[in-house]
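Colleague: Those protein sequences? They're chains A and B, same order as listed. The numbering used here numbers the first residue of the first sequence as 1 and each following residue consecutively. The numbering used here numbers the first residue of the second sequence as 542 and each following residue consecutively. Ideal Cβ placement from N, Cα and C applies to all residues, glycine included. All of these numbers come straight from a predicted model, not from anything done at the bench. Dumping the structure here so I can ask a few things about it.
Protein chains: 2
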Amino acid sequence: MSGKRRRIVILGGGFGGVYTAKHLHKLLSKEDVEICLVNRDNYMTFQPMLAEVIGDALGVYDTVSALSSLLPKTTLYINEIEKIDLKGKKIYLVCPFKKQHIVLDYDELILALGNATDFIQLQNGVAQHALRFKNLSDTLILRNHVINVLEAAATENNPQLRQALLTFVIGGAGFTGTEVAAEVCDFITKMLKKIPCIKKEDIRIYLVHSKDIILNELSPSLGKYAMQLLRKKGVTIKSGLKVEAVTPHHAILSNHEKISSKTVISTAPANLNLVLESTQGLPIAHDRIKTDPNLLVEGFDHVWAIGDAAHIPLPDGSFAPPTAQFAVREAKTLAQNLAAKMALKPMKPFQFKPLGLLAALGHRKAVGELFGRIKISGFTAWLMWRAIYWSKMPGLSRKLKVLFTWILDLFIPSEPVVLNINSRKTMHHLHFKASEMIFDQGDLADYLYIILKGRVAVVKKFEGNGEKIIKELEASNFFGEIALTKDITRTAKVVALESTDLIAIPKDEFLVMKDNFLELDTFLTTTQESRLEELNKFKKH
Amino acid sequence: MSGKRRRIVILGGGFGGVYTAKHLHKLLSKEDVEICLVNRDNYMTFQPMLAEVIGDALGVYDTVSALSSLLPKTTLYINEIEKIDLKGKKIYLVCPFKKQHIVLDYDELILALGNATDFIQLQNGVAQHALRFKNLSDTLILRNHVINVLEAAATENNPQLRQALLTFVIGGAGFTGTEVAAEVCDFITKMLKKIPCIKKEDIRIYLVHSKDIILNELSPSLGKYAMQLLRKKGVTIKSGLKVEAVTPHHAILSNHEKISSKTVISTAPANLNLVLESTQGLPIAHDRIKTDPNLLVEGFDHVWAIGDAAHIPLPDGSFAPPTAQFAVREAKTLAQNLAAKMALKPMKPFQFKPLGLLAALGHRKAVGELFGRIKISGFTAWLMWRAIYWSKMPGLSRKLKVLFTWILDLFIPSEPVVLNINSRKTMHHLHFKASEMIFDQGDLADYLYIILKGRVAVVKKFEGNGEKIIKELEASNFFGEIALTKDITRTAKVVALESTDLIAIPKDEFLVMKDNFLELDTFLTTTQESRLEELNKFKKH
């Protein structure tokens, strides 16, 4: 490498990436190395406290710290990663202000990208219709959604729709699912004080878990304690079940039970990050990157991996779990090993014994285990939970601000404000199950639908005369264009005949395309004429 | 109306709407009337302090109050208004959870919708490319954008693009424009402390104003004081000019000067709300609804109007200005007149003398006039500005929280965190001027473009061999499909030949359409083949 300054590139700005950069700055001199960190967002999220944002115990910005404050000496690239070229030792980044990649050469590469926040691979409507809970945006979207359904229910006259608006389904009762269930429950209780026309008894909250006891990361006795506590709050626990499918109308459980709901939250296990998945040459095991005990990726001598995306062997034969506690320790070992490698000194294998686990259960309650032996629960556990995470928050100013927020939260009622930054209709995917209605005759027309998979029936309703299937449509067909082009309400009902995946194109976008692609217009006009003829034929009978 | 409970419907949850509801609850009994308020957002924005959110002096939620907290007795509809039917006395609302309108009958209607936040009617790229500053979302979008351009500039190697990223243009120097210029300037100064590679001298901030002196709502001496102060901060004031057009690359002024910039903020005068514009039968003057002195809309005896959307005659022959001060007083008069009308008592005409005007100029400076005579400026004016608006904030808990935030702001550095809730690419409109490049040969391909208006040239560049126009395209044509369908970089450069309006369709959406509309695919394939042939012909020469 001659006398040239080496470049260390860290991908990912979570606990793993940020702490690696911090340690490297201490161990290596600025003259020898440039340390770059690439992250999509310009902040690090303090994930353990994210659930507190739902109910306003913490402010929107209180669980995040700007990377520029945390890492003043690091060269920051706030960009999406397009491609990792391990052979060419180059990272390709996307810049929103230009149509060329930013290309970053590296001498040492550290993969600390966490696991996937996208769950596009999940089948059965989960990707399309379930809310997720992984980062700060997810948290705000969930909070906004809860407020929106409650406010809509307050003025809704249709009792079925009202109940669906007041029903909440949480899939998975690991740490995240349990914490979210508790926080959502507390937040709804708080909200209802301002919406007198909705009673607590009208609310249904289901926590669906595949095992008998929730929180299987902890001992059964603590899981049982948590179950009791959640039941007291009004949560119904469905054990031994999974959320199998989600549609715009229902959550469908593994026992085929259909729960009418407009709010399904999935805390499904995470996959490998999509960028890593498409990177050539990475050794993968259990959706994670295989490293040696020194944290070097297997088969590479200048590529490292840590955190949730890494499959790191521990001395006892097990593998490092995907928690913040481990990521922070891994970061330290990685930085030391990288410095040792550069100084041609021996590296040390990673080892760490976790201190304990704590899960918050909403308003002033928590459960946990310390040093694998001591069990704690209730208010004491909650106080400890807050104290520990508070002490780990980065920066004194952050600590002060959070403390103030907590104190204010004791006195000042929360404001259920929904911040809609972008409410534009966009193209999106939909999933329906057999016999579910996509739209009804007479409904307002806002989308054109293309069938990707499955089959639908177009049903004409006659006044007092029942209804008749006038057409069945399969994949690669479209429907809904008549009402859009004629600017009228739906002329027929459309129902799914089997599991069906659709793409919905907003009216405005569709009309622009139609008006400007002449051939598309001709095609649509011909199809439409023949369809209208068919419709009229039925009317005559 | 027999013994039936009357329904009063208020459209709009700004100062006018909220204060009308408050006064009506005091004056009328719950047995006699139901008071409904319709608003798109579930909060009221305290607009006078919005600019403080840019630079973090106030938190995201500190300038808004939930309507449910402000108006516990009012029936709230948090919905978009689709249509106002004055003849049928019905309001049609859109509900995101169902495909039917919510229909609201009214006995008395109060129009308090403010002016338009959409500036879709503005020509010359302003709607497409300028940022606006009207509500809380605009504020957050602006704040995020400023952080984004600074962070992108920090790692940008191209000096032209770097300068464009560091150049900010604000159109209009009334109250809003001036306050925004000052706040943006202060915020950038704060940000640069964390980005050592960008110097203050690299930043260009232009405030473009059509008059000689800014802030023409106040006396010239105060305007001059404000100009001096802004110049000291580093703002260049371009007087006697307007921002004529905005493109993705430039702000173009009325003297044809082109300023290379990625941040143009327009504080253009507001239009009539789109829903009001499409309502049949409303008397309109100067983009506002004409009312009589009692605040009844001319020609109606059960429709009222107040606030920024109303053209209200004052006793001295002038008309009420669109300020919060006036809206609050109008609300009181309206409520009294409505109650008087229902009790068959005489109504009173609206009259009010404003107390004064104050404009903040960023960090601890302001200017203003009190009682039309006393001029104040500097720190005293700023203290008064804060004190007055703070005292007017709704609710004690809000007041306390804002006070805490201000105190914390003195000690705790701000965190320039960019919260990207929705970063998905969507279909959007673009405006280009003659000779501007839309994309370059070799660029990454992310959109298909349809020409709505204007003309473009497709230019092929040859290695060392100059370039050649291979095709001109006009409205209703499209371009950019080759690189999208073949998943390669752009095969040619495209340049606007005149003022051109485009629609950009994201790659993903386009490919889904293409793969599922068979006829569209055939059409594209045919066009593409002939286009590729033409390209190859040129290569051979």
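#1: Thinking just about the alpha-carbon of each residue, which of H256/A, L207/A, L272/A, E217/A is nearest to the one in S266/A?
#2: Does the region 778-790 of chain B touch the region 911-922 of chain B, meaning 3 or more C-beta pairs lie closer than 8 Å?
#3: Distance cutoff 8 Å, beta carbons only. Does A152/A sit that close to anything in chain B?
#4: So for T491/A, helix, strand or coil by DSSP?
#5: Quick one: list the residues of chain B neighbouring K401/A, beta-carbon separation under 7 Å, in chain order.
#6: For K199/A, which of Q163/A, L222/A, P220/A, A496/A has the nearest alpha-carbon?
#7: Could you check where the beta strand (DSSP E) with M542/A kicks off and where it finishes?
#8: Give the DSSP-derived three-state secondary structure of V149/A in the structure shown.
#9: Indicate whether at least one CB of chain A lies closer than 8 Å to the CB of E977/B.
#10: Nearest chain B C-beta to M1/A closer than 8 Å, yes or no?
#11: As a quick exercise: from L855/B, R965/B, L971/B, pick the residue whose alpha carbon is nearest that of H428/A.
#12: My understanding is that A1037/B touches I991/B, with C-beta atoms under 8 Å, so please give their C-beta distance in whole angstroms.
#13: Decide if the region 892-911 of chain B is in contact with the region 932-948 of chain B; the criterion is three or more beta carbon pairs, one per stretch, under 8 Å apart.
#14: If we define contact as Cβ-Cβ less than 8 Å, is K803/B a contact residue for chain A?
#15: Among residues of its own chain, excluding the 5 on either side of L924/B, which ones have a beta-carbon nearer than 7 Å to its beta-carbon?
#16: May I ask which residues mark the beginning and end of the beta strand (DSSP E) holding R829/B?
#17: Please confirm if N1057/B has its CB atom under 8 Å from at least one CB of chain A.
#18: Which residues in the same chain have their Cβ closer than 7 Å to the Cβ of A592/B, if we skip the five residues on either side of it in sequence?
#19: With three or more C-beta pairs closer than 8 Å as the rule, is the region 276-284 of chain A touching the region 90-108 of chain A?
#20: So for H23/A, helix, strand or coil by DSSP?
#21: With 16 other CB atoms within 10 Å as the buried threshold, where does R5/A fall?
#22: Grab me the residues of I8/A's own chain with a C-beta within less than 6 Å of its C-beta, minus the 5 sequence neighbours each way, in chain order.
#23: For R424/A, which residues in chain B fall below 8 Å Cβ to Cβ?
#24: Going straight from the alpha carbon of L875/B to that of I551/B, what length do you get?
#25: Hey, how far is the Cα of T189/A from the Cα of D679/B?
#26: Tell me the residue span of the beta strand (DSSP E) that contains L370/A.
#27: Would you say H566/B faces chain A, with C-beta separation under 8 Å as the test?
#28: Suppose you measure from the CA of M542/B to the CA of Q866/B; what does that come to, to the nearest Å?
#29: Beta-carbon within less than 7 Å of S1071/B's beta-carbon, same chain only, minus the 5 sequence neighbours each way: which residues are those?
#30: Which of the three DSSP states is assigned to S807/B in this structure?
#31: Specify the secondary structure class of M542/B as computed by DSSP and reduced to three states.
#32: Is it buried or exposed for T777/B, if we count other Cβ within 10 angstroms and need 16 for buried?
#33: Would you identify the three-state DSSP class for D753/B, choosing helix, strand or coil?
#34: Output the distance between the C-alpha atoms of I643/B and A154/A, rounded to the nearest integer angstrom.
#35: Does the beta carbon of L111/A sit closer than 8 Å to a beta carbon anywhere in chain B?
#36: Taking DSSP as the reference, what is the three-state secondary structure of V418/A?
Modeller: Taking the definition as stated:
#1: Taking the first sequence and counting its residues from 1, the one referred to as residue 266/A is at position 266. Of H256/A, L207/A, L272/A, E217/A, the residue nearest in Cα terms is L207/A.
#2: Under the three-pair Cβ rule at 8 Å, the region 911-922 of chain B does not count as touching the region 778-790 of chain B.
#3: As a first step, residue 152/A is located in the first sequence; it is residue number 152 there, counting from the start. Taking Cβ atoms only, chain B reaches closer than 8 Å to A152/A, which makes this a yes.
#4: The residue labelled residue 491/A in the question sits at position 491 within the first sequence. T491/A: coil per DSSP, three-state reduction.
#5: Within the first sequence, residue 401/A is the residue found at index 401, counting from 1. L949, I953, listed in chain order.
#6: As a working mapping, residue 199/A is identified with position 199 in the first sequence. Answer by Cα proximity: Q163/A.
#7: In the structure displayed, chain A extends from 1 to 541; residue 542/A sits before or after that span and is not available.
#8: Within the first sequence, the letter at position 149 stands for residue 149/A. In the structure shown, V149/A sits in a helix (DSSP, three-state: H, G or I).
#9: On the second sequence, position 436 is the one that residue 977/B refers to. Not one chain A Cβ lies under 8 Å of E977/B.
#10: For the purposes of this step, residue 1/A is identified with residue 1 of the first sequence, where counting begins at 1. Any reading at M1/A must be qualified, since the residue scores a pLDDT of 42, below 50, and its modelled position is unreliable; the value itself is stated next. Taking Cβ atoms only, chain B never reaches closer than 8 Å to M1/A, which makes this a no.
#11: Position 428 of the first sequence, counted from the start, is the residue given in the question as residue 428/A. Ranked by Cα distance from H428/A, the first of L855/B, R965/B, L971/B is R965/B.
#12: In the second sequence, counting from the first residue as 1, residue 1037/B sits at position 496. In the second sequence, counting from the first residue as 1, residue 991/B sits at position 450. Rounded, the Cβ-Cβ distance is 14 Å, inconsistent with contact.
#13: With fewer than three CB-CB distances shorter than 8 Å, the region 892-911 of chain B does not count as touching the region 932-948 of chain B.
#14: In the second sequence, the residue the question calls residue 803/B occupies position 262. Chain A contact via Cβ: present.
#15: Locating residue 924/B in the second sequence gives position 383, where the first residue counts as 1. Once the five neighbours on either side are set aside, L924/B has no close Cβ partner at all.
#16: Mapped onto the second sequence, residue 829/B falls at position 288. Run containing R829/B: 829-831, per the beta strand (DSSP E) assignment.
#17: One-based indexing of the second sequence puts residue 1057/B at position 516. Taking 8 Å as the threshold, the shortest C-beta distance from N1057/B to chain A falls below it.
#18: Within the second sequence, numbered from 1, the residue matching residue 592/B stands at position 51. So the list reads E720, V721, E724, A901, once near-sequence residues are dropped.
#19: Result no; under three Cβ-Cβ pairs closer than 8 Å.
#20: As a working note, residue 23/A is residue 23 in the first sequence. DSSP places H23/A in helix when its eight states are reduced to three.
#21: The residue labelled residue 5/A in the question sits at position 5 within the first sequence. Classification of R5/A: exposed, given that the 10 Å Cβ count is below 16.
#22: Locating residue 8/A in the first sequence gives position 8, where the first residue counts as 1. Closer than 6 Å at Cβ, skipping near neighbours: V33, I35, E108.
#23: Position 424 of the first sequence, counted from the start, is the residue given in the question as residue 424/A. Residues of chain B passing the Cβ test: T967.
#24: The count along the second sequence starts at 1 and reaches residue 875/B at position 334. The count along the second sequence starts at 1 and reaches residue 551/B at position 10. Taking the straight line from one Cα to the other gives about 12 Å.
#25: Stepping through the first sequence from its first residue, residue 189/A is reached at position 189. Stepping through the second sequence from its first residue, residue 679/B is reached at position 138. So the alpha carbons of these two residues sit roughly 31 Å apart.
#26: Walking along the first sequence from the start, residue 370/A turns up at place 370. Counted as a single uninterrupted DSSP element, the beta strand (DSSP E) harbouring L370/A occupies residues 366-370.
#27: Numbered from 1 along the second sequence, position 25 holds the residue referred to as residue 566/B. With 8 Å as the cut-off, H566/B does not count as an interface residue toward chain A.
#28: In the second sequence, the residue the question calls residue 542/B occupies position 1. In the second sequence, the residue the question calls residue 866/B occupies position 325. Only weak support is given to the placement of M542/B: the predicted model assigns it a pLDDT of 42, under 50, and the value that follows is read from those uncertain coordinates. About 35 Å.
#29: As a first step, residue 1071/B must be located in the second sequence, where it is residue number 530. Within the same chain, no residue comes within 7 Å of S1071/B by CB-CB distance, once the 5 residues on both sides are set aside.
#30: Position 266 of the second sequence, counted from the first residue, corresponds to residue 807/B. Residue state for S807/B is assigned as strand, using DSSP reduced to three classes.
#31: By one-based count along the second sequence, residue 542/B stands at place 1. With a pLDDT of only 42 at M542/B, under 50, the local geometry of the prediction cannot be trusted, and the value read off the model is given with reservation. Note: M542/B maps to coil in three-state DSSP.
#32: For the purposes of this step, residue 777/B is taken as residue 236 along the second sequence, with counting starting at 1. If you draw a 10 Å sphere on the C-beta of T777/B, you find fewer than 16 other C-beta atoms in it, and that means exposed.
#33: Counting from one through the second sequence, the residue named residue 753/B turns up at place 212. DSSP, reduced to helix, strand and coil, places D753/B outside both helices and strands of the structure shown, so it counts as coil.
#34: Taking the second sequence and counting its residues from 1, the one referred to as residue 643/B is at position 102. Taking the first sequence and counting its residues from 1, the one referred to as residue 154/A is at position 154. One C-alpha to the other measures close to 13 Å.
#35: Counting from one through the first sequence, the residue named residue 111/A turns up at place 111. Judged by the 8 Å Cβ criterion, L111/A is not in contact with chain B.
#36: Counting from one through the first sequence, the residue named residue 418/A turns up at place 418. The answer is coil: DSSP assigns V418/A none of H, G, I, E or B.
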